[in-house]
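The structure appears right after this line, and notes come after that.
Residue numbers (the working numbering): 277 to 482.
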């Protein structure tokens, strides 16, 4: 049948103008200064804004390999910022970006970079005792227990005790994050906490 874009059957239907993608890409590159390989990874995500035709045209999976410390988490975090910026440009407030991994450390590492960028439109889901303490104020405790709130509060109180009882120098910001999370759990309704998760653009989980 006729193609909506007027072109060949293997040409993807562009949902976002290239001008918009170019503008956002340039802004992100100027702000975060990706190197050549990192920029290549972020650019691969441009095709995700296009409908994949019968013969391809959309790179659904991007594999980025590198040794420890090579900047994979940084690149992923910048790519998340790029994706979010494009979605905001086209007025899409429903699409979610999920960061998932086998390990809590890997998920937290990316979210911590986002936090360092000043990007807070994310939510972390998991066991409080396994989540980085700096991310606790942005987290929802996951458990199959019917008394999940009591379980979450118990975990937070234990973390607080461990921090205050430690002989080593306690990181003030970590302790403040735990105290903030305890207060939030005590004073915020379960529905409001669920709403935060539903409204977050980015969700991190294992």
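All C-beta atoms in this analysis are idealised placements derived from N, C-alpha and C, irrespective of residue type, glycine included.
For the pair of segments examined, the segment 369-385 was found to touch the segment 465-480: the number of CB pairs separated by less than 8 Å reaches three. By the beta-carbon neighbour count (other beta carbons within 10 angstroms, threshold 16), residue 464 is exposed.
With contacts defined as CB atoms closer than 8 Å, residue 400 and residue 415 qualify as a contacting pair. Around the beta carbon of residue 318, 16 or more other beta carbons sit within 10 angstroms, so the residue counts as buried.
DSSP places residue 415 within a strand segment (E or B) once states are collapsed to three. Buried is the label assigned to residue 380, since at least 16 other Cβ atoms lie within 10 Å of its Cβ. If the five residues before and after residue 305 are omitted, its C-beta is found closer than 7 Å to the C-beta atoms of 315, all from its own chain and listed in chain order. In this structure residue 291 does not touch residue 344 by the C-beta definition: roughly 36 Å separates them, more than the 8 Å allowed.
Judged by DSSP secondary structure, residue 318 falls within the alpha helix (DSSP H) whose first and last residues are 312-320. Around the beta carbon of residue 409, a 10 Å sphere encloses 16 or more other beta carbons of the protein chains shown; the residue is thus reported as buried. A Cβ-Cβ separation of about 18 Å leaves residue 473 out of contact with residue 432 under the 8 Å criterion.
When DSSP assignments are scanned along the segment 360-424, the uninterrupted stretches of beta strand (DSSP E) that are 3 or more residues long and fall wholly within it turn out to be 373-376, 398-402, 415-417. Rounded to whole angstroms, the gap between the alpha carbons of residue 296 and residue 373 is 19 Å. In this structure, residue 455 sits away from residue 468, with a CB-CB distance that is not shorter than 8 Å. From the listed residues 440, 412, 384, the smallest Cα separation to residue 428 is found for 412. Restricting attention to 424, 313, 418, the CA atom closest to the CA of residue 342 is found in 313.
A residue is called buried once 16 or more other Cβ atoms fall within 10 Å of its Cβ, and residue 346, having fewer, is exposed.
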